[in-house]
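K.L.:
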Amino acid sequence: MSDEELISKKQLLRMAQISYGTLYRWKRMNLIPESWFIHKATDIGQATFFPRTKILARIDRIKELKNELTVEQMQELFSANVKSFKIPLKDFTELELVSKLSLTAFKAVYPGKELLDFNDVFGMYVVDHLMKLSGFYLEDAKQVIRLLGKYL
Numbered sequence: 032m033s034d035e036e037l038i039s040k041k042q043l044l045r046m047a048q049i050s051y052g053t054l055y056r057w058k059r060m061n062l063i064p065e066s067w068f069i070h071k072a073t074d075i076g077q078a079t080f081f082p083r084t085k086i087l088a089r090i091d092r093i094k095e096l097k098n099e100l101t102v103e104q105m106q107e108l109f110s111a112n113v114k115s116f117k118i119p120l121k122d123f124t125e126l127e128l129v130s131k132l133s134l135t136a137f138k139a140v141y142p143g144k145e146l147l148d149f150n151d152v153f154g155m156y157v158v159d160h161l162m163k164l165s166g167f168y169l170e171d172a173k174q175v176i177r178l179l180g181k182y183l
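For the record, in the sequence shown the residue sitting at position 28 is 59 according to the numbering used here, with numbers rising by one throughout.
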């Protein structure tokens with residue numbers, strides 16, 4: 032990783048408008064991976080750096096979700112073990128992360144499903160993205176959800 036891709040802790044705290052305590056609390060909660068804390072020697076001693084794009088995106092995401100999801104739900108969302116991720120459909124709907132049409136397509140394919148797993152959420156994101164890019168309709172969306180459900 033080159034120095035151009037890193038951001039210092041001081042720069043990060045200023046850019047993200049968070050405190051030192053908040054950063055390390057999120058680390059203890061496993062919302063920010065230990066591996067992202069890169070210790071390097073500098074002219075004035077040791078300093079901590081982070082992969083710039085990843086850490087800024089993660090902090091933005093945590094700030095967006097912290098009032099909507101529990102710490103446990105965020106840990107699951109950010110964990111490498113996405114297979115154990117579960118979120119109630121009602122909670123996911125309230126987050127408004129995908130369009131109503133994507134939700135309608137999902138509910139048509141899986142009526143009565145109240146607890147979403149990672150593959151369900153991923154499928155809705157894919158459908159939502161495709162709908163925005165190509166403008167396809169409800170029947171197309173349902174077909175994509177069925178296909179993803181079969182292969183995920």
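Glycine residues also receive a C-beta, built at the ideal position from the N, C-alpha and C atoms. A quick note: this is a predicted structure, and the numbers were derived from the prediction, not measured.
So, is ASP91 buried or exposed, given that buried needs 16 or more other C-beta atoms within 10 angstroms?
P.N.:
exposed
K.L.:
Looking only at its own chain, which residues have a Cβ that is under 7 Å from the Cβ of LEU96, when we skip the five neighbours before and after it?
P.N.:
MET105
K.L.:
Decide yes or no for the touch test of the stretch 79 to 94 against the stretch 124 to 132: beta carbon pairs closer than 8 Å, at least 3 of them.
P.N.:
Output reads no: the stretch 124 to 132 does not touch the stretch 79 to 94.
K.L.:
Where does LEU183 fall in DSSP's three states?
P.N.:
In the structure shown, LEU183 sits in coil (DSSP, three-state: anything other than H, G, I, E or B).
K.L.:
What's the gap between the Cα of LEU179 and the Cα of LEU54?
P.N.:
36 Å
K.L.:
For LEU169, which of helix, strand or coil comes out of DSSP?
P.N.:
helix
K.L.:
Return the CA-CA distance between ALA72 and TYR156, expressed in angstroms with no decimal places.
P.N.:
Using only the alpha carbons, I get a separation of about 41 Å.
K.L.:
How about SER39 and ALA78: do their beta carbons lie closer than 9 Å?
P.N.:
yes
K.L.:
Taking ARG83 and LEU37 to be in contact with their CB atoms under 8 Å, please state how far apart those CB atoms are, rounded to whole angstroms.
P.N.:
6 Å
K.L.:
Who are the Cβ neighbours of VAL129 in its own chain at under 6 Å, not counting the five residues just before and after it?
P.N.:
Excluding positions up to five away in sequence, the list reads MET155, ASP159.
K.L.:
Between which two residues does the beta strand (DSSP E) holding THR124 run?
P.N.:
Counting along the chain, THR124 falls outside any beta strand (DSSP E), though it belongs to the alpha helix (DSSP H) covering 120 to 126.
K.L.:
On a CA-only basis, which of GLN42, ALA136, PHE109 is nearest TRP57? Give me that one, please.
P.N.:
PHE109
K.L.:
What is the rounded straight-line gap between the Cα of VAL140 and the Cα of HIS70?
P.N.:
49 Å
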